[in-house]
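*Asks:* Chains as they are written, first to last, in the working numbering: chain X, 595 to 882; chain Z, 595 to 882.
Backbone N, C-alpha and C define an ideal beta-carbon position, used for all residues, glycine too.
Everything numeric in this text was worked out from a predicted model, so none of it was measured.
I have a structure here, written as structure tokens, and I will follow up with some questions on it.
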DNA sequence: ACCGCTATTTCCATAGGGTGGAAAATAAGG
DNA sequence: CCTTATTTTCCACCCTATGGAAATAGCGGT
């Protein structure tokens, strides 16, 4: 994915060659490129999606820098296609089914999600904790699917959610799957946001942590993203030995004690290996 | 959801009242309502999402009834926001990350319970019997919500209550939604507690009953849990085709006669299907 | 109960922008 | 090498999205 975004060497395809109109690939905030009404509608759609409690027309219009009437027309148009829904009583706007259905089209391409599903179930059964699958996207990871633990208290990583590379099990696992060079390159672009006292806040420490992860085959997030939350993760490789996804087990500190770390670590590592094999992938051979 | 579509009794909200401009709530195919460019872009987006192998510009334009140049402009605009991605080598279009992220906003708001509610009401009205929603939890099912019948004598399944997998309509419906392998695995762990003369007490009989349920699309509990109580149930699936919940109609033997079984069975099956769709789920494709 | 106040929804004249045909550019096929 | 298929760009026209204003209706204070 995202081949156009970062690959400097793309094979030319048919047709008149595309030309980079705006200097860099910088995403202009709203105007100046693309179809205006579409851009605005997508802004509204994204905004609505980030408001679990529902969003009011006025606020949406204000945040998008639009006149209420314009925002209203676009929302009504989105509603017609079921991309958003309006609450009948309070008039608040929510994300609609069609947006979800369309969005999951993203998953159909990557059969990793489908293939991994039964393995994730098994990992949940064997560990008793929630199991997540995530992919790399720039300086973040994005959760694609989750199998929830049956415990009352359980970790939540809703599909579509994001996690930082430097402060998540899946993030460190994905980094550990890259070559040292690519990993350090990505690390150089990170902003080390602090989430807890234990959050890694400098490149050197992160690189050390990743080296250890690479050595033992799984990455550990020990309350680095949220207090009381521990997480063990391992990378899944494609046929080129590139990490395409990572799988993780996450649960409360109370249940994931020190003594269980090696056990669960080995579990997640071997399951990641199985998924890699099932997908037709292989672990990277060139160890650098 | 869809409160505006079928609920005849909506509370009026603030502002100028909405007026149904086009006679029925009929979704006009493409034009005549809404912002045109947005409609067209959403058509393209939906189309792209249904093409796991990627879609070519020409085909997309043709299917949407657009000039290639127009389709291209809209797609480029969607690409800018990462709602679609273009394969660098072959120029094919795929669903983008942002569509996925935005779409999952749908899950954060409205869960199965909320979405199912109006459908449960309808099922109650059409059947005259109590309607229940339950989820799978280990070797039991848990009732999440109920719409009570208006009859004097009616079945009660209070939210929070539990029912065994082998002796309840919802239990058997949930099992029928699993792959045969997972189902038999769970059945192996059951203790076949006896509730009535008709309670199924051995794995083979349960498997047979579930196979029939899978075949006809709904499960039947014929006084297997309580004497005089009959129950018809069907599974609700998530986006992975996994059964996440089941909906059931339950009432006294006196009212649910043999002749009504197929009728009510079809009712509950089709309503479960509707809820599945409304939740963004899909029936399992790979048959065991 | 009355009266602002605020928020949503509709309407409409305007002009800004989306549209589609055609041309340009390129790869694939014969 | 020439033709065909496909993508991408360009541009003048005219349709359509735009946003201010009006209409409608809760909400809250007095």
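For residue 832 of chain Z, I'd like the list of residues in its chain whose CB is within less than 6 angstroms of its CB, leaving aside the five on either flank, ordered along the chain.
*Replies:* 838, 875.
*Asks:* Residues of the segment 640-654 of chain Z in Cβ contact with chain X at a cutoff of 9 angstroms, in chain order, please.
*Replies:* Here the close residues are 640, 642, 643, 644, 645, 646, 647, 648, 651.
*Asks:* Can you tell me the Cα-Cα spacing of residue 624 of chain Z and residue 656 of chain Z, whole angstroms?
*Replies:* Reliability fails at residue 624 of chain Z, whose pLDDT of 44 lies under 50, so the model's placement of it is uncertain and no value is given.
*Asks:* Under 7 angstroms Cβ to Cβ from residue 679 of chain X, same chain only, skipping five residues before and after it: list those, please.
*Replies:* Excluding sequence neighbours, residue 679 of chain X sits near 673, 688, 690.
*Asks:* Consult DSSP for residue 689 of chain X and reduce its assignment to one of helix, strand or coil.
*Replies:* DSSP places residue 689 of chain X in strand when its eight states are reduced to three.
*Asks:* Near residue 729 of chain X, what residues of its chain come up, given a Cβ to Cβ distance below 7 angstroms and the 5 sequence neighbours on each side ignored?
*Replies:* Excluding residues within five positions, the ones whose Cβ falls inside 7 angstroms are 735, 736, 738, 838, 839.
*Asks:* Quick check on this structure: which residue in Z:607, Z:814, Z:725, Z:659 has the alpha carbon closest to the alpha carbon of residue 682 of chain X?
*Replies:* Measuring from the Cα of residue 682 of chain X, the nearest candidate turns out to be Z:607.
*Asks:* Look at the alpha carbon of residue 645 of chain Z and the alpha carbon of residue 786 of chain Z, and state the distance between them as a whole number of angstroms.
*Replies:* Going from the Cα of residue 645 of chain Z to the Cα of residue 786 of chain Z covers about 46 angstroms.
*Asks:* Of all Cβ atoms in chain Z, is any one closer than 8 angstroms to the Cβ of residue 689 of chain X?
*Replies:* Answer yes: the Cβ-Cβ gap between residue 689 of chain X and chain Z drops below 8 angstroms somewhere.
*Asks:* Here's the rule: buried if 16 or more other CB atoms are within 10 angstroms of the residue's CB, otherwise exposed. What is residue 815 of chain Z?
*Replies:* With 16 or more Cβ atoms within 10 Å of its Cβ, residue 815 of chain Z is classed as buried.
*Asks:* Tell me where the beta strand (DSSP E) around residue 845 of chain Z begins and ends.
*Replies:* Unbroken beta strand (DSSP E) run through residue 845 of chain Z: 837-846.
*Asks:* At a Cβ threshold of 8 angstroms, is residue 629 of chain Z touching chain X?
*Replies:* Judged by the 8 angstroms Cβ criterion, residue 629 of chain Z is in contact with chain X.
*Asks:* Check whether the segment 745-754 of chain X touches the segment 843-862 of chain X, counting contact only when three or more Cβ pairs, one atom from each stretch, lie closer than 8 angstroms.
*Replies:* Cβ pair count under 8 angstroms is three or more, so yes.
*Asks:* Identify whether residue 814 of chain X lies in helix, strand or coil by the three-state DSSP scheme.
*Replies:* Of the three classes helix, strand and coil, the one that applies to residue 814 of chain X here is strand, per DSSP.
*Asks:* Quick check on this structure: which residue in X:720, X:712, X:710, X:612 has the alpha carbon closest to the alpha carbon of residue 861 of chain X?
*Replies:* For the residues X:720, X:712, X:710, X:612, the minimum Cα distance to residue 861 of chain X belongs to X:720.
*Asks:* Along the segment 693-705 of chain Z, what residues have a CB closer than 9 angstroms to any CB found in chain X?
*Replies:* Against chain X - using a Cβ distance shorter than 9 angstroms - the residues of the segment 693-705 of chain Z are 693, 694, 695, 696, 697, 698, 699, 700, 701, 702, 703, 704.
*Asks:* So, does the CB of residue 869 of chain X fall closer than 8 angstroms to a CB anywhere in chain Z?
*Replies:* Output row for residue 869 of chain X: interface = no.
*Asks:* Hey, is the segment 658-666 of chain X in contact with the segment 689-709 of chain X, meaning 3+ C-beta pairs nearer than 8 angstroms?
*Replies:* Contact between the segment 658-666 of chain X and the segment 689-709 of chain X is absent, because fewer than three Cβ pairs lie under 8 angstroms.
*Asks:* Rounding to the nearest angstrom, what Cα-Cα distance links residue 873 of chain X and residue 677 of chain Z in this structure?
*Replies:* Between residue 873 of chain X and residue 677 of chain Z, the C-alpha separation is close to 26 angstroms.
*Asks:* Can you check DSSP and say which residues form a bridge with residue 736 of chain X?
*Replies:* DSSP, once it has assigned bridges, lists X:729, X:756 as partnering residue 736 of chain X.
*Asks:* Quick one: what does DSSP say residue 826 of chain Z is sitting in, helix, strand or coil?
*Replies:* It is a strand residue.
*Asks:* To the nearest angstrom, report how far apart residue 794 of chain Z and residue 760 of chain Z are at their CA atoms.
*Replies:* Cα to Cα, the separation comes out at about 7 angstroms.
*Asks:* Leaving out the 5 sequence neighbours to the left and right, which residues in its chain are closer than 7 angstroms to residue 594 of chain X when beta-carbon positions are compared?
*Replies:* Not covered by the structure: residue 594 of chain X. The range shown for chain X is 595 to 882.
*Asks:* Over what stretch of residues does the beta strand (DSSP E) that includes residue 679 of chain Z continue unbroken?
*Replies:* Note, residue 679 of chain Z: beta strand (DSSP E), 678-680.
*Asks:* With DSSP as the reference, please indicate the residues paired to residue 741 of chain Z in a beta bridge.
*Replies:* Note: residue 741 of chain Z sits in a beta bridge opposite Z:725.
*Asks:* By the 10 Å Cβ neighbour count, where 16 or more other Cβ atoms means buried, how is residue 611 of chain X classified, buried or exposed?
*Replies:* Per the 10 Å Cβ criterion, exposed.
*Asks:* Among Z:670, Z:823, Z:628, which has the Cα closest to the Cα of residue 675 of chain X?
*Replies:* Here the closest residue by C-alpha is Z:628.
*Asks:* Rounded to a whole number of angstroms, what is the C-alpha to C-alpha distance between residue 792 of chain X and residue 817 of chain X?
*Replies:* Using only the alpha carbons, I get a separation of about 6 angstroms.
*Asks:* So with Cβ pairs under 8 angstroms, would you call residue 665 of chain Z a contact of chain X?
*Replies:* Chain X, which has no Cβ nearer than 8 angstroms to the Cβ of residue 665 of chain Z, makes this no.
*Asks:* With residue 638 of chain Z as the anchor, note down where its alpha helix (DSSP H) starts and where it stops.
*Replies:* That run of the alpha helix (DSSP H) goes 630-643.
*Asks:* Go to residue 672 of chain X, then tell me how far its alpha helix (DSSP H) extends in each direction, as first and last residue.
*Replies:* Unbroken alpha helix (DSSP H) run through residue 672 of chain X: 662-674.
*Asks:* Between residue 670 of chain X and chain Z, is any beta-carbon pair separated by less than 8 angstroms?
*Replies:* Chain Z, which has a Cβ nearer than 8 angstroms to the Cβ of residue 670 of chain X, makes this yes.
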